[in-house]
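Residue numbers for the sequence shown follow the working numbering, beginning at 22 and rising by one.
Everything below concerns the one structure shown next.
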Amino acid sequence: MKKENLTEKNIYVDTLPNLSKVNNLELGKRLQEEYDNFIISPSNTYEDVDIPFLKEVKWISDYIEHKFLCYYGEDIYLTDHYINIQRPNHMSFKRNNIKLNDLRNSADYTALYVIDGSGNLYLEYDDNVKKQQTFVNYIKEKSIAMFNSDIQYFIDRNKTNYNRIILTFLYKKNK
């Protein structure tokens with residue numbers, strides 16, 4: 022009997038190595054400034070803040086792309102990136118990164134990189150007849166979590182006195 026995989030949901034977890042040239046403290050300060058100067062429009066439901074493509078952001082994205090290709094044989098490319106900041110006692114919004122009115126150009130994968138802070142990342146998905154399954158993964162500074170973009174996710178309440186800064190990357194598969 023031949024097996025064909027029709028659907029698959031995954032989470033890929035990693036940590037940016039200490040040898041990387043990314044200085045999270047400096048990057049966090051720079052991105053906090055961008056965030057403070059960004060005017061969030063009422064239509065920006067998730068409070069995504071566009072940021073310039075800084076060299077540190079490029080290094081993180083390149084690391085994710087190269088590691089994904091080496092370990093899983095999938096060639097991906099970056100389509101978008103932004104930051105979200107959760108203030109003390111706030112949490113992220115539940116969401117996925119699928120554009121329902123433009124499925125062709127929707128991201129295949131979402132990757133989160135924690136610049137500052139920590140918390141629990143909740144992934145909500147359906148597994149055949151097992152509906153509304155939840156997977157929880159602890160994330161902290163320099164953590165990378167990558168998963169299918171159609172998975173609903175959120176990060177729990179920020180229980181510290183400091184802002185939690187999350188950098189989000191959206192990737193498409195090279196076909």
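Using N, Cα and C, we set each Cβ at its ideal position, and we do this for glycine too.
| Query | Result |
| --- | --- |
| State the start and end residues of the unbroken alpha helix (DSSP H) segment that holds SER82. | 76 to 93 |
| Measure the alpha-carbon distance for ASN141 versus ARG125 and round it to whole angstroms. | 30 Å |
| With the cut-off set at 7 Å, would you say ARG185 and GLN107 are in Cβ contact? | yes |
| Taking PHE190 as the reference, give the member of VAL157, ASP71, THR155, GLU95 with the closest Cα. | ASP71 |
| Could you check whether TYR143 and THR155 sit closer than 7 Å to each other, using their CB atoms as the reference points? | yes |
| Touching or not, the segment 46 to 61 and the segment 120 to 134, by the rule of three or more beta carbon pairs under 8 Å? | no |
| Near HIS102, which residues of its chain fall below 6 Å by C-beta distance, leaving aside the five closest residues on each side in sequence? | PHE190 |
| Would you call ILE85 buried or exposed, if buried means 16 or more other Cβ atoms sit within 10 Å of its Cβ? | buried |
| Let me confirm a value: ARG192 is counted as buried when at least 16 other C-beta atoms fall within 10 Å, else exposed. Which label applies? | For the sequence presented, residue 192 should be read as Tyr rather than Arg. With 16 or more Cβ atoms within 10 Å of its Cβ, TYR192 is classed as buried. |
| Does the distance from the CB of MET112 to the CB of ASP177 come in under 7 Å? | yes |
| Using the rule of at least 16 other Cβ atoms within 10 Å of the residue's Cβ for burial, across every protein chain shown, is GLU25 buried or exposed? | exposed |
| Can you tell me which residues form a DSSP beta bridge with MET112? | Looking at the DSSP assignment, MET112 forms no beta bridge with any residue, so it has no partner. |
| Taking the runs of the alpha helix (DSSP H) that are 4 residues or longer, which of them lie wholly in the segment 159 to 193? | none |
| Checking the sheet assignment: what are the DSSP bridge partners for GLU145? | THR155, GLN173 |
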